[in-house]
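If you read the sequences in order, they're chains A and B.
Here the numbering used here is used: the first residue of the first sequence is 1, the next is one more, and so on.
Here the numbering used here is used: the first residue of the second sequence is 1001, the next is one more, and so on.
From the three backbone atoms N, C-alpha and C, an ideal C-beta is built for every residue, glycine too.
Quick caveat, the model's predicted, so the values are computed rather than measured.
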Amino acid sequence: MRTAPFEYHRAHDIDDALEWLTRDGDREVKILAGGHSLLPLMKLKLATPTVLLDVQGVSELKGVTMEPGWIRIGALSRYVDLTRDPTVAEALPLLSQVAATVADMQVRNRGTIGGSLCHADPQADIPAAVLALDGRLIVVGPRGERRMTLDEFIVAPFLTVLEPTEILSAVEFPIPSGPQQSVYLKRPHPASGYPIVGVAITANVPTPGHLSNVRVVVGGMGSKAYRAYATESTLNEKELSPETLRQAAEVAITEAQLSDDADVPYHSQLIRTYVERALHRLYGGVA
Amino acid sequence: MLDVLGQPVKRHEDDRLIRGKGQYTDDIRLPGMVYAHMVRSPHAHAKIKAIDIKAAQALPGVLAVFVGDDLKDSVGMIPTAWIPPNADMKMTPHPALAYDTVRYVGDGVAVVIAEDPYTASDAADLVRVTYAPLEAMTHPRDAMGPDKPLVHQEISDNVAFHWSVGENLDEVFASSEVVVRQEFRQQRLIPSAMEPRSAVAQYNAATEELTLWATTQNPHIHRFLMSGILGIPEHKLRVVAIDVGGGFGSKIACYPDEVVVAYASRALGRPVKWTETRQENFIATSHGRDHVHEVELAGTRDGDIKAIRVKAFSNLGAYLSTAAPGVPTILFGLVVNGAYKIPQASVDVYGVVTHTTPVDAYRGAGRPEATYLIERMVDLYARKLAMDPVQVRRRNLIPKESFPYTNPMGLEYDSGNYQGTLDKALQLVDYPQFRREQEALRKQGKYIGIGFSTYVEMCGLGPSEVAGAVGFQGGLWESATVRVHPTGKVTVFTGASPHGQGEETTFAQIVSHELGIPVEDIEVVHGDTARIAMGWGTYGSRSTVVGGAALHNATQKIIAKATKIAAHKLEVSELDVTFEAGQFRVAGVPDRGMSFANVALDAYLAWSLPEGVEPALEETAFYNPKNFTYPFGAHVAIVSVDATTGDVELMRYIAVDDVGNIINPMIVEGQIHGGLVQGIGQALYEGAEFDDQGQLVTGSFLDYAMPKARFFPRFETDHTVTPSPHNPLGVKGVGETGAIASTPAVVNAVLDALAPFGIRDLNMPLTSKKVWTAIQERGGI
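As structure tokens, this is what we get:
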């Protein structure tokens, strides 16, 4: 076979899945959702799980549900679902927009939000959206449920806090109170289509020309998507002008988190440019 | 019936290809078939110390593991088929499986044959090869010299050949008013045909015949070469390529993998299939380009170009591939004057072997490299003189009265109206308005640029006498057989081997036009040495020019014979019979006549044939062209450069081409579009890079930027028609024009946009980072 040998099991429900994960500590069980990150790695034998646990039939991991103040998106939601679901488009337009930029149609038809987050590829699009929207990842395991932010969940490239016995079941997002603006500006790599940089911004708009609760997230550049806190401070509760946006972009360079192999001058320039352009787009929407 | 010649007839082949009904080599299923998987070197240069195959052999389902030592006494070395004259060329012995030394990452060292492809792949992982890695050379100029790590012990300085054309121009340059010098890097490209390579071999012990299905652009050349390598005589060897999913030159070559499956099938008595993965395609299928050019242009202060001198270093990779030596020499050096009346030229080419994937033809093959350097030099010359690049082109283009025109290397350009295509292109762009707009935008800190490429290329390969004179080890004529069946339906057998170019349609159009029968009644058969007596295949934009001409001539033989039969039946003199729109008629007696189908039936019944006329209706023509054809045109690229990011946006692309008479304008359009995308891909996106150890850094589509449709604007195409005077159809080649013309047009446009920064030249591909860094180095915006 092209992959290393593995057993394949289909989980019926979440308890069944958790049982498979805890059954035998010696075996490496990998969860199969959309498979668009895992299967290529298995074909390259970079991933060699002994058991592939297909959770695509687990209904608890699916669907979009509204709760007071929250919207819950099942981890098995595919990118295409995020782009088409009217509830998501209404409450979290940023997530729809980001999902629509992921790879190509074939990948969007299969790949899932949960899969992307668990894979923790520093060049993925989804983590930037989850961080900008202040999403909470809901992880279930034998000891029950825990909730965490994206920053807590992703440790390093391709590394999360998920225990081998746990499953990411959903991501919950607070429904913004009051008018919120958001934007995602992505620069795809000409070969791979992954973001070289992806800037996601959300902000409340208490009065025209003012922002509050600004979250500026930079993805694609460093070891994981990060919030540009200092940049946010230059924008929060300030009167917006092209000059303040330019200054914010300058600040974004000072807190840039670049990967070790980055071309520092060029990648800094990209952060500056994409933060400024993203802000202009947002500003255009709020002015 | 509508005359379909010149009509956009839909492609006959598309129905099966688009619906997944094509028959590619990997679709071949034979009883008892087994599967090969290659073990390839992870090192660019290493000694093979030991190969342990025990674990692989022990895996259930594995039939055999062969290594280089198993094959070396049974099969011959893979030869190159082009030996440029007076170049002191040294051969690079190329075993089907390496023994002793590996010379590039991807060099095959062993093959596993198993009952299924997965077992073969697993077993290949179990083959343990012990290597002693050695220093690798990847760059052609660096690899030259006696003190360098050698690729082949037989070549003491890594220079496989040194080829020159033209005279000593030292005095011309010394006394010239203006001299422009520039070095260009023609980066290495990865052809990336949609269909990876594949081969299936079936040896029949009873008949001692071997059938090889292979992804080839030239099955008869494959048979010819494989016969020598395998020691199987040609009449016992059949090569078949039914559908081939693109080649762009990368499927011309005879490859080790094909030899290996043939060997394995004979050794095991089973049909053996091998299909490469995309990863293997990146490292083990031939690459294109990879030259360094040192160029000098001499001219007057008024803008007249007097001489061009080129010193070229061509990276050939680890072994000389089938057509490789001809690409940087004959197909490059003879056309460096481009479309300009430059009186003198001299070209020096060093063909250098390195520890990299072999390099062979890639769409345009030599002519894009030549066109790039002359079109760039014309722009640099114009800039030095502070003249408009269009004005310099106009002064130097070969005037239409000068055709046929003999260039400084002795090529005779057949026909042309170069100013005509330039005029038409300039009308389409409104050049004066563009310059005004450019000036206005620069004041706002916005940078747009325009680039021209007034190209000519040599294609429709070619006269066989010339092939011989320039060292190509084959003929370049073409064959066509027209078999009219008793019902008047027609099967055409062509020696051309189309693999995406659409000749099943265009050739049917030629026959339909000549014989007056519907295209639906014509089948075009290609790609099988058992069905087609001989042919030289598809490359060098030759299929319609040479194969189409052969087909035209075969139809004329059919008409001549059919006219005799019709005259006999109609009881009139042959001279009184006319043939038009599929009807034979007696001149002056419109109601007396007979259809083409009826004549065909009479020919087969043979109840009453004229004296001396043989039964049946089938004719073959062999056409040896008198000259190459020289399509030309004027391409214009308009770009904007975002100085903040270095991003280049192609805003407009105008291509005015003259490819002679057009048989199917839709197919011509498709060929131009495809060529443009590949040429622009070289200008802006694509580039294969090796690290110091000879590892291909751009080894997948994650890193190698194959252009996508969304990168391009709608191409604006137009034509003029200057027929080729020596070709019975008046056609010229079109398959490579886009790839030849577009690369310098786009680079010229980007450098025009960057002129305010004083940037003279940049190496391709013009990535955003490269452009931005260049702007920063010159002070930024």
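### Message
Could you compute how far the alpha carbon of B/Gly-1735 sits from the alpha carbon of B/Glu-1503?
### Response
Locating residue 1735 of chain B in the second sequence gives position 735, where the first residue counts as 1. Locating residue 1503 of chain B in the second sequence gives position 503, where the first residue counts as 1. For B/Gly-1735 and B/Glu-1503, the distance between alpha carbons rounds to 12 Å.
### Message
Counting C-beta neighbours from all protein chains within 10 Å, is the total for A/Ser-241 16 or more, i.e. buried, or is it exposed?
### Response
Here residue 241 of chain A is taken as the residue at index 241 of the first sequence, counted from 1. By the Cβ neighbour-count rule, A/Ser-241 is exposed, with fewer than 16 other Cβ atoms within 10 Å of its own.
### Task
Using a Cβ cut-off of 9 Å (strictly closer), state whether A/Pro-242 contacts chain B.
Counting from one through the first sequence, the residue named residue 242 of chain A turns up at place 242. Output row for A/Pro-242: interface = no.
### Query
Closer than 9 Å, CB to CB, is A/Asp-263 near chain B or not?
Residue 263 of chain A sits at position 263 when you count from the first residue of the first sequence. Yes, A/Asp-263 lies at the interface with chain B (some Cβ there is under 9 Å from its Cβ).
#### Entry: Among B/Val-1347, B/Thr-1563 and B/Met-1077, the one whose alpha carbon lies nearest that of B/Leu-1169
Taking the second sequence and counting its residues from 1, the one referred to as residue 1169 of chain B is at position 169. That would be B/Val-1347, whose Cα lies nearest to the Cα of B/Leu-1169.
### Query
Within 10 angstroms of its Cβ, does B/Met-1001 collect 16 or more other Cβ (buried), or is it exposed?
Mapped onto the second sequence, residue 1001 of chain B falls at position 1. That one is exposed.
### Task
Inspect the beta-carbon positions of B/Val-1240 and B/Leu-1210 and report whether they are closer than 9 Å.
Position 240 of the second sequence, counting from 1, holds the residue named residue 1240 of chain B. Position 210 of the second sequence, counting from 1, holds the residue named residue 1210 of chain B. In this structure, B/Leu-1210 does not lie closer than 9 Å to B/Val-1240 by Cβ.
#### Entry: Three-state secondary structure (DSSP) of A/Gln-247
Looking up residue 247 of chain A in the first sequence gives position 247. In this structure, A/Gln-247 counts as helix in the three-state DSSP scheme.
### Query
Closest to B/Leu-1380 by CA distance: which of B/Leu-1766, B/Pro-1765, B/Pro-1008 and B/Asn-1748 is it?
Sequence index remark: in the second sequence, residue 1380 of chain B carries index 380 (1-based). For B/Leu-1380, the closest of B/Leu-1766, B/Pro-1765, B/Pro-1008 and B/Asn-1748 by C-alpha to C-alpha distance is B/Asn-1748.
### Enclosing beta strand (DSSP E) for B/Pro-1117 [first to last residue]
By 1-based counting over the second sequence, the position of residue 1117 of chain B is 117. Where B/Pro-1117 is concerned, there is no enclosing beta strand (DSSP E), although the alpha helix (DSSP H) it sits in stretches over 1117-1126.
### Terminal residues of the beta strand (DSSP E) in which B/Phe-1184 lies
Sequence index remark: in the second sequence, residue 1184 of chain B carries index 184 (1-based). Residues 1178-1189.
### Task
Alpha carbon to alpha carbon, how far is B/Gly-1779 from B/Ala-1658? Give it in angstroms, no decimals.
If you number the second sequence from 1, residue 1658 of chain B lands on position 658. If you number the second sequence from 1, residue 1779 of chain B lands on position 779. Residue identity differs from the one stated: residue 1658 of chain B is Asp in this sequence, not Ala. Cα-Cα distance, rounded: 43 Å.
### Task
Kindly indicate which residue of B/Ser-1198, B/Ala-1058 and B/Asn-1218 has the alpha-carbon position closest to the one of B/Ser-1497.
One-based indexing of the second sequence puts residue 1497 of chain B at position 497. Ranking the options by Cα distance to B/Ser-1497, first place goes to B/Asn-1218.
### Message
Could you give the first and the last residue of the continuous beta strand (DSSP E) run that contains B/Phe-1434?
### Response
Locating residue 1434 of chain B in the second sequence gives position 434, counting from the first residue. In this chain, B/Phe-1434 is not harboured by any beta strand (DSSP E); it is covered by the alpha helix (DSSP H) spanning 1431-1443.
### Task
Have a look at B/Glu-958 and B/Trp-1274 and give me their C-alpha separation to the nearest angstrom.
In the structure as shown, chain B begins at 1001 and stops at 1781. Residue 958 of chain B is therefore absent and cannot be evaluated.
### Query
Using Cβ-Cβ distances below 7 Å, what residues of the region 183-205 of chain A are close to chain B?
Per Cβ criterion, the list reads Pro-190, Ala-191 and Ser-192.
### Task
State buried or exposed for A/Leu-46, treating a residue as buried only when at least 16 other CB atoms are found within 10 Å of its CB.
As a first step, residue 46 of chain A is located in the first sequence; it is residue number 46 there, counting from the start. So A/Leu-46 counts as exposed.
### Message
Quick check on the DSSP output: the alpha helix (DSSP H) that includes A/Arg-110 runs from which residue to which?
### Response
For this step, residue 110 of chain A is matched to residue 110 along the first sequence. Its alpha helix (DSSP H) spans residues 105-110.
### Neighbourhood of A/Ser-96 by C-beta distance below 7 Å, restricted to the same chain and skipping five residues each side
Here residue 96 of chain A refers to the residue found at position 96 of the first sequence. Sequence-distant Cβ neighbours of A/Ser-96 in its own chain, meaning closer than 7 Å and more than five residues away, are Leu-82, Thr-83, Val-88 and Ala-89.
### Task
Work out the CA separation of B/Arg-1223 and B/Asp-1052 for me, nearest whole Å.
Locating residue 1052 of chain B in the second sequence gives position 52, where the first residue counts as 1. Locating residue 1223 of chain B in the second sequence gives position 223, where the first residue counts as 1. Straight-line Cα distance between these residues: approximately 34 Å.
### Message
Between B/Trp-1163 and chain A, is any beta-carbon pair separated by less than 9 Å?
### Response
Mapped onto the second sequence, residue 1163 of chain B falls at position 163. Chain A, which has no Cβ nearer than 9 Å to the Cβ of B/Trp-1163, makes this no.
### Selected residue, minimal CA-CA separation from B/Met-1194, among B/Ile-1330, B/Asp-1026 and B/His-1012
Your numbering for residue 1194 of chain B matches position 194 in the second sequence. Here the closest residue by C-alpha is B/Asp-1026.
### Message
Give me the chain B residues within the contact set of A/Gln-269, using Cβ-Cβ distance strictly less than 8 Å, ordered along the chain.
### Response
For the purposes of this step, residue 269 of chain A is identified with residue 269 of the first sequence, where counting begins at 1. What A/Gln-269 touches in chain B: Thr-1644, Thr-1645 and Trp-1772.
#### Entry: Top-ranked residue by Cα proximity to B/Gly-1032, from B/Thr-1356, B/Glu-1294 and B/Pro-1271
Residue mapping note: residue 1032 of chain B aligns to position 32 of the second sequence, counting from 1. Out of B/Thr-1356, B/Glu-1294 and B/Pro-1271, B/Pro-1271 has the C-alpha closest to the C-alpha of B/Gly-1032.
### Query
Is the beta carbon of B/Ser-1464 less than 9 Å from the beta carbon of B/Asn-1624?
Walking along the second sequence from the start, residue 1464 of chain B turns up at place 464. Walking along the second sequence from the start, residue 1624 of chain B turns up at place 624. Taking 9 Å as the cut-off, the beta carbon of B/Ser-1464 is found closer than this to the beta carbon of B/Asn-1624.
### Task
Would you be able to state if there are at least three C-beta pairs under 8 Å between the region 1231-1240 of chain B and the region 1512-1524 of chain B?
Taking a contact to require three or more Cβ pairs closer than 8 Å, the region 1512-1524 of chain B and the region 1231-1240 of chain B do not qualify as touching.
### Query
Taking just the CA atoms, how far does B/Val-1349 sit from B/Asp-1088?
To locate residue 1088 of chain B, count along the second sequence from 1; it is residue 88. To locate residue 1349 of chain B, count along the second sequence from 1; it is residue 349. Straight-line Cα distance between these residues: approximately 12 Å.
### Message
Let me make sure I understand the geometry here. Which of B/Leu-1320, B/Leu-1297 and B/Gly-1317 has the alpha-carbon closest to that of B/Arg-1309?
### Response
The residue you call residue 1309 of chain B lines up with position 309 of the second sequence. The residue with the shortest Cα to Cα distance from B/Arg-1309 is B/Leu-1297.
### Cross-chain neighbours of A/Thr-273 in chain B, by beta carbon under 8 Å
Here residue 273 of chain A refers to the residue found at position 273 of the first sequence. Using a Cβ-Cβ cut-off of 8 Å, A/Thr-273 is close to Thr-1644 and Thr-1645 of chain B, given in chain order.
### Task
Taking a Cβ distance cut-off of 9 Å, strictly less, list which residues of the region 1697-1724 of chain B are near chain C, in chain order.
No chain C appears in the structure shown, which is made up of the protein chains A and B.
### Task
Note the first and the last residue of the continuous beta strand (DSSP E) segment covering B/Ser-1595.
As a working mapping, residue 1595 of chain B is identified with position 595 in the second sequence. Where B/Ser-1595 is concerned, the enclosing beta strand (DSSP E) stretches over 1589-1595.
### Straight-line gap, B/Ile-1342 to B/Pro-1399 (C-alpha atoms, nearest Å)
Sequence index remark: in the second sequence, residue 1342 of chain B carries index 342 (1-based). Sequence index remark: in the second sequence, residue 1399 of chain B carries index 399 (1-based). Straight-line Cα distance between these residues: approximately 12 Å.
#### Entry: Spatial neighbours of B/Met-1226 in its chain, beta-carbon cut-off 8 Å, leaving aside the 5 residues before and after
The sequence position of residue 1226 of chain B within the second sequence is 226, counting from 1. Excluding sequence neighbours, B/Met-1226 sits near Leu-1212, Ile-1232, Leu-1237, Val-1239, Cys-1254, Glu-1258, Val-1259 and Ala-1262.
### Query
How is A/Pro-40 classed by DSSP in three states: helix, strand or coil?
Here the question's residue 40 of chain A lines up with position 40 in the first sequence. DSSP places A/Pro-40 in helix when its eight states are reduced to three.
### Task
Could you tell me whether the Cβ of A/Arg-2 comes closer than 9 Å to any Cβ of chain B?
Stepping through the first sequence from its first residue, residue 2 of chain A is reached at position 2. Taking a beta-carbon distance threshold of 9 Å, A/Arg-2 counts as an interface residue toward chain B.
### Message
Does the contact criterion of 3 or more C-beta pairs under 8 Å hold for the region 1113-1128 of chain B versus the region 1175-1195 of chain B?
### Response
No, the region 1113-1128 of chain B does not touch the region 1175-1195 of chain B.
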